[in-house]
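Protein chains: 6
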Amino acid sequence: MTDPDPTPARDVIFGAQQERIQQRLDRLDTDLGAYIRDFAYDTVYDRPGLDLKSKELIACALLVSLGSPPELRTHIRGAMNAGATEAEVRGALLMCVPYLGFPRTVAAFEVLRQHLGRADAPAP
Amino acid sequence: MTDPDPTPARDVIFGAQQERIQQRLDRLDTDLGAYIRDFAYDTVYDRPGLDLKSKELIACALLVSLGSPPELRTHIRGAMNAGATEAEVRGALLMCVPYLGFPRTVAAFEVLRQHLGRADAPAP
Amino acid sequence: MTDPDPTPARDVIFGAQQERIQQRLDRLDTDLGAYIRDFAYDTVYDRPGLDLKSKELIACALLVSLGSPPELRTHIRGAMNAGATEAEVRGALLMCVPYLGFPRTVAAFEVLRQHLGRADAPAP
Amino acid sequence: MTDPDPTPARDVIFGAQQERIQQRLDRLDTDLGAYIRDFAYDTVYDRPGLDLKSKELIACALLVSLGSPPELRTHIRGAMNAGATEAEVRGALLMCVPYLGFPRTVAAFEVLRQHLGRADAPAP
Amino acid sequence: MTDPDPTPARDVIFGAQQERIQQRLDRLDTDLGAYIRDFAYDTVYDRPGLDLKSKELIACALLVSLGSPPELRTHIRGAMNAGATEAEVRGALLMCVPYLGFPRTVAAFEVLRQHLGRADAPAP
Amino acid sequence: MTDPDPTPARDVIFGAQQERIQQRLDRLDTDLGAYIRDFAYDTVYDRPGLDLKSKELIACALLVSLGSPPELRTHIRGAMNAGATEAEVRGALLMCVPYLGFPRTVAAFEVLRQHLGRADAPAP
């Protein structure tokens, strides 16, 4: 029922890119960067009760609803870093079909394709 | 990686209320009712690749994004029927805070409160 | 290609309820009421180029996307006043399924059911 | 009241580009590609009750609400393939002003401009 | 450029209802209640840089975009507690017309009417 | 309570770019261009009751909710043309965090960064 893992979520989600991402956010606005690190990650994400893989699959679905490609790519990678398989990520994105319809879901699979590096399909 | 459970998702999610819910949808529109049963549930939900509990936690988060209280209540119950604990449902709803903000999340916890039957708080 | 009908759209859409609806809007805010009458109806709706029935079917679909039950009911009635059959209204609402998903569409059919006075199904 | 045309909607909407579009979707995800072809097009779109031109004008309006430029361009072309005039497409997009406001509508007219090949205006 | 007022924003916005509102949120979920108090109010709202009246007028507009009537009522009252006149609140809500369209704005003026206690118009 | 300034809002907001922007809108659709000039600006924006700086800060927040980067940039410039400081614009954008969550707000600060010409951060 609880998540005993002491590793901060942002270490897992961002991996080696964490410092670069945090610097980019801090340059946008130092308060915004602090809110994301201290509140979104170190408070909400690090709260026990749900495992990190489930949190990241939920984050992916919510980013499909928002239509936010760059963040979606970050959290597809984050979900996989937290242990999700490609099949599980596909399953999470396909759950958006009955709730959000096809256009947002198609856009999400474009992001997944880019993440997986399958460059054999022309960009839309 | 696959979901070997042969029980249809809608049997688990709706439980004893399945017939009543399907009849209500069919009365709204027979084609709509058929689309929900045959496509949303028997095709998308029953697709292997992700376990049903994860699908329902994702459904809850997407319903928070849509602001759809009646369906959210149905799928909070569905998530618990599929094995989610109250703590996991709370964790899924709290993941909406960084992605959707507070108003939609507060409304979702009102629905959870009603589902749990905790009538000690006044309705908003 | 143009709509030669000189009847103002709001006469057709609102019918005998026009005065009551306009008074309600004016009481909310006199400027808001004037904007809706002079701009939304007498400028945008009365612009030629597309027939009124098509405009109202589009309005219904957009109100499904917004999740606005009272206005949806007004414009389901408006679409029918402009010549749409019940089958055409159902067809317009079902087009929302692939674009918006099921929850908003189900809510729209609840509004249609109320409009059609089919009280044989329990409210959600 | 019914649409007797036996031509599948996707033949009309996509025309010569159908195979290319379906291959792109299948490459994103084979299940997603199948859902769009078998459910969105061959089930929902091919359902009688509303003519295809009206369905496509509604699709355009819903895509304005979603802010999905690539799909909007596809369905502006689809509406015209189904018999809509440029004036009717403009009328459908302008109906978005009172329901969705100006920013989404302006973005939609940018897509229309690109479709019509009027390259005399600078990109935004 | 900065807001020297040491009074916490939530004291002004909620006034005598603060304790009741916080208790309701805490009963929904203790973490959610703490996030709203410590992050939304004591961190974001109490950050200097913009006066509280402007923050609350912005909050009202954002709540119109979300379609959240109960929170909108709270922040209409909050804007007035922070010094906004009724004319300024009306001006803020009318700014939603060009950006969000009429349906959400009409719903917002219904909330304003209820707040102002003008019961001479029938509810929708 | 009223705004005695006789300068049209669009003169302040658009400054030297007004003619170019209006021509671009007129080329998209002459009716759309007229609606924006005559209704959005000369009717809604020029309505007294709220000062122009507040209107533009509200417009910025609403454009964050819509996820419309080009218009957001126009109205960040408009807010500053109407007297808002950079600190006030940052304060308005940060108010979106509790209401809309982080992804839309981060995208908004990207637009602010581009407007301020701070090219020292890599594009996302």
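If you read the protein sequences in the order shown, they are chains P, U, L, V, Y and F.
Be aware that the first sequence starts at 1, since it is given in the numbering used here, and climbs by one per residue.
Be aware that the second sequence starts at 1, since it is given in the numbering used here, and climbs by one per residue.
Be aware that the third sequence starts at 1, since it is given in the numbering used here, and climbs by one per residue.
Be aware that the fourth sequence starts at 1, since it is given in the numbering used here, and climbs by one per residue.
Be aware that the fifth sequence starts at 1, since it is given in the numbering used here, and climbs by one per residue.
Be aware that the sixth sequence starts at 1, since it is given in the numbering used here, and climbs by one per residue.
Virtual Cβ for every residue (Gly too), placed ideally from N, Cα, C.
**Prompt:** Nearest chain U C-beta to R37 of chain P closer than 8 Å, yes or no?
**Reply:** no
**Request:** Use the C-beta contact count for D29 of chain F: other C-beta atoms within 10 angstroms, 16 or more gives buried, fewer gives exposed.
**Result:** buried
**Prompt:** Can you list the residues of chain L that D29 of chain F reaches, using a CB-CB cut of under 8 Å?
**Reply:** Ordered by position in chain L, no residue passes the 8 Å Cβ test against D29 of chain F, which lies about 10 Å from the chain.
**Request:** May I ask you to list, following chain order, the residues of the segment 103-116 of chain Y that have a beta carbon less than 8 Å from some beta carbon of chain L?
**Result:** Against chain L - using a Cβ distance shorter than 8 Å - the residues of the segment 103-116 of chain Y are P103, R104, T105, V106, A107, F109, E110, L112, R113.
**Prompt:** In this structure, does DSSP put T7 of chain Y in helix, strand or coil?
**Reply:** coil
**Message:** Quick check: what's the CA-CA separation for F39 of chain F versus V44 of chain P?
**Reply:** Whole-angstrom Cα-Cα distance: 44 Å.
**Item:** Reduced DSSP category for A121 of chain F - H, G, I as helix; E, B as strand; rest coil
**Value:** In this predicted model, A121 of chain F has a pLDDT of only 43, less than 50, meaning its place in the structure is not dependable enough to derive any value.
**Message:** Residues in the same chain with beta-carbon distance under 8 Å from D11 of chain Y, minus the five sequence neighbours each way, listed in chain order, please.
**Reply:** Its chain contains Q18 as the residues whose beta carbon lies nearer than 8 Å to that of D11 of chain Y, once the 5 sequence neighbours on both sides are disregarded; these appear in chain order.
**Message:** Counting C-beta neighbours from all protein chains within 10 Å, is the total for T74 of chain V 16 or more, i.e. buried, or is it exposed?
**Reply:** buried
**Prompt:** Looking at C-alpha atoms only, which residue of U:G117, U:R27, U:R104, U:S54 is the closest neighbour of I13 of chain U?
**Reply:** U:S54
**the segment 74-91 of chain V contacting the segment 70-90 of chain L, beta-carbon criterion three pairs below 8 Å** = Taking 8 Å as the limit for Cβ pairs, the verdict is that the segment 70-90 of chain L does not touch the segment 74-91 of chain V.
**Item:** Any 3 or more C-beta pairs closer than 8 Å across the segment 48-67 of chain P and the segment 53-68 of chain U
**Value:** Per the Cβ contact rule, the segment 48-67 of chain P is in contact with the segment 53-68 of chain U (3 or more Cβ pairs under 8 Å).
**Prompt:** Going along chain P in order, which residues have a C-beta closer than 8 Å to the C-beta of R90 of chain Y?
**Reply:** By Cβ distance, chain P contributes nothing, its closest Cβ being about 30 Å from R90 of chain Y, past 8 Å.
**Request:** Please classify G78 of chain P: does DSSP put it in a helix, a strand, or coil?
**Result:** helix
**Asked** Between the C-alpha atoms of Q22 of chain L and F102 of chain Y, what's the straight-line distance to the nearest angstrom?
**Response** 14 Å
**Message:** With a threshold of 8 Å between beta-carbons, can A87 of chain U be considered close to chain L, or not?
**Reply:** no
**Buried versus exposed, by CB contacts within 10 Å (16 or more), R104 of chain L** = buried
**Asked** If you count every other CB in all the chains shown that lies within 10 Å of the CB of A119 of chain U, and 16 or more means buried, which is it?
**Response** The pLDDT assigned to A119 of chain U is 42, lower than 50, so where the model puts this residue is not dependable; a value taken from the coordinates is nonetheless given after this. Result: exposed.
**Request:** Please list the residues of the segment 39-55 of chain L that have a C-beta atom closer than 9 Å to any C-beta atom in chain F, keeping them in chain order.
**Result:** F39, T43, V44, R47, G49
**Residue environment, A16 of chain L, which counts as buried when at least 16 other CB atoms sit within 10 Å** = Exposed, by the Cβ-count rule.
**Within chain Y, the residues that G67 of chain U reaches when beta carbons sit closer than 9 Å** = L66, G67, S68
**Message:** Taking a contact to mean a Cβ-Cβ separation below 8 Å, would you say L50 of chain L touches A92 of chain V in this structure?
**Reply:** yes
**Request:** State the start and end residues of the unbroken alpha helix (DSSP H) segment that holds D46 of chain V.
**Result:** Unbroken run through D46 of chain V: none, as it is neither H nor E.
**Message:** Please report the distance separating the alpha-carbon of L32 of chain V from that of G67 of chain P.
**Reply:** 18 Å
**Request:** Closer than 8 Å by beta-carbon distance: list the chain U residues that pair up with L63 of chain Y, in chain order.
**Result:** P103
**Prompt:** What residues in its chain sit with their C-beta under 8 Å from that of G78 of chain Y, if we drop five residues either side in the sequence?
**Reply:** V12, I13, F14, E56, A59
**Message:** Excluding the 5 residues flanking D26 of chain U on each side, which residues of the same chain have their C-beta closer than 6 Å to its C-beta?
**Reply:** Excluding residues within five positions, the ones whose Cβ falls inside 6 Å are G33.
**Per-residue burial, P98 of chain F [other beta carbons within 10 Å of its own, 16 or more giving buried]** = buried
**Prompt:** Do Y41 of chain P and A9 of chain P have their CB atoms nearer than 8 Å?
**Reply:** yes
**Message:** Quick check on this structure: which residue in F:L72, F:T7, F:P48 has the alpha carbon closest to the alpha carbon of H115 of chain F?
**Reply:** F:L72
**Prompt:** Using the beta-carbon of each residue, which ones in chain U are nearer than 9 Å to L94 of chain L?
**Reply:** In chain order: D29, D31, L32, Y35.
**Message:** Below 8 Å on the Cβ atoms is my contact criterion, and I expect A108 of chain U with C96 of chain U to pass it. Report the Cβ-Cβ distance as a whole number of Å.
**Reply:** 7 Å
**Prompt:** On the premise that L100 of chain V lies in contact with A76 of chain V, defined as a C-beta separation below 8 Å, what is that separation, rounded to the nearest angstrom?
**Reply:** The displayed chain sequence assigns Ile, not Ala, to residue 76 of chain V. Rounded, the Cβ-Cβ distance is 16 Å, inconsistent with contact.
**Message:** Just to confirm my understanding: we take P69 of chain V, look at its own chain, exclude 5 residues before and 5 after, and list those with CB closer than 6 Å. What are they?
**Reply:** V111
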